[in-house]
Amino acid sequence: QVQLVESGGGLVQPGGSLRLSCAASGSIVSMYNMAWYRQAPGKQREFVARITGGGFTNYVDSVKGRFTISRDNAKNTVHLQMNSLKPEDTAVYYCNQDGIYGYWGQGTQVTVSS
């Protein structure tokens, strides 16, 4: 049974930083495409960032240069480092394994507000 557990969300001022973590059990993150999605109130869930099993990364245009996805194989964890946060980054952030028909975490709330 695959379980993905996110942590690290919270309230931060514009321009601040947060680091989200996704701890996986029942699977090995280095063997799968791992991604972060987010869903803001009243909006559809959207793709944010992905790291493939081979280590390639890609990002939605709105976070390029600000967010970095990485993987800690020893801890079987995926991270999302978020810098220069903006109010429009406010959303519930979800960890995902293997695409939209794969596995999802329960989400962690990120609120960017002064």
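First residue of the sequence shown? That's -10 in my numbering, and the numbers climb one at a time after it.
Where a beta carbon is used, it is the ideal one built from N, C-alpha and C, also for glycine.
Is the separation between the beta-carbon of residue i and that of residue j shorter than 8 angstroms?
i: Glu(-5); j: Gly94; result: yes
i: Val18; j: Tyr92; result: no
i: Ala63; j: Val52; result: no
i: Gly25; j: Leu7; result: Per the sequence presented here, residue 25 reads as Trp, with Gly not at that position. No, the Cβ-Cβ distance between Trp25 and Leu7 is not below 8 angstroms.
i: Ile58; j: Thr46; result: yes
i: Ala12; j: Thr79; result: no
i: Met23; j: Gln86; result: yes
For the beta strand (DSSP E) that residue i lies in, which residues bound it at each end?
i: Arg39; result: 35 to 40
i: Tyr26; result: 23 to 28
i: Gln86; result: 80 to 86
i: Met71; result: 66 to 71
i: Tyr48; result: 46 to 48
i: Val101; result: 97 to 101
i: Val(-6); result: -8 to -4
Excluding five sequence neighbours on each side, which residues of the same chain lie with their C-beta closer than 6 angstroms to the C-beta of residue i?
i: Gly(-2); result: Thr97, Gln98, Val99
i: Arg34; result: Tyr26, Gln28
Write down the C-beta distance between residue i and residue j rounded to the nearest angstrom, noting that I regard them as a contact closer than 8 angstroms.
i: Cys84; j: Val67; result: 6 angstroms
Apart from the five residues just before and just after residue i, which ones in its own chain have a Cβ nearer than 8 angstroms to its Cβ?
i: Met20; result: Gly42
Excluding the five sequence neighbours on either side, which residues of its own chain have a C-beta within less than 7 angstroms of the C-beta of residue i, listed in chain order?
i: Gly15; result: Gln(-10), Val(-9), Gln(-8)
Give a yes or no on contact between the stretch 2 to 9 and the stretch 67 to 78, applying the rule of three or more CB pairs nearer than 8 angstroms. Yes, the stretch 2 to 9 is in contact with the stretch 67 to 78.
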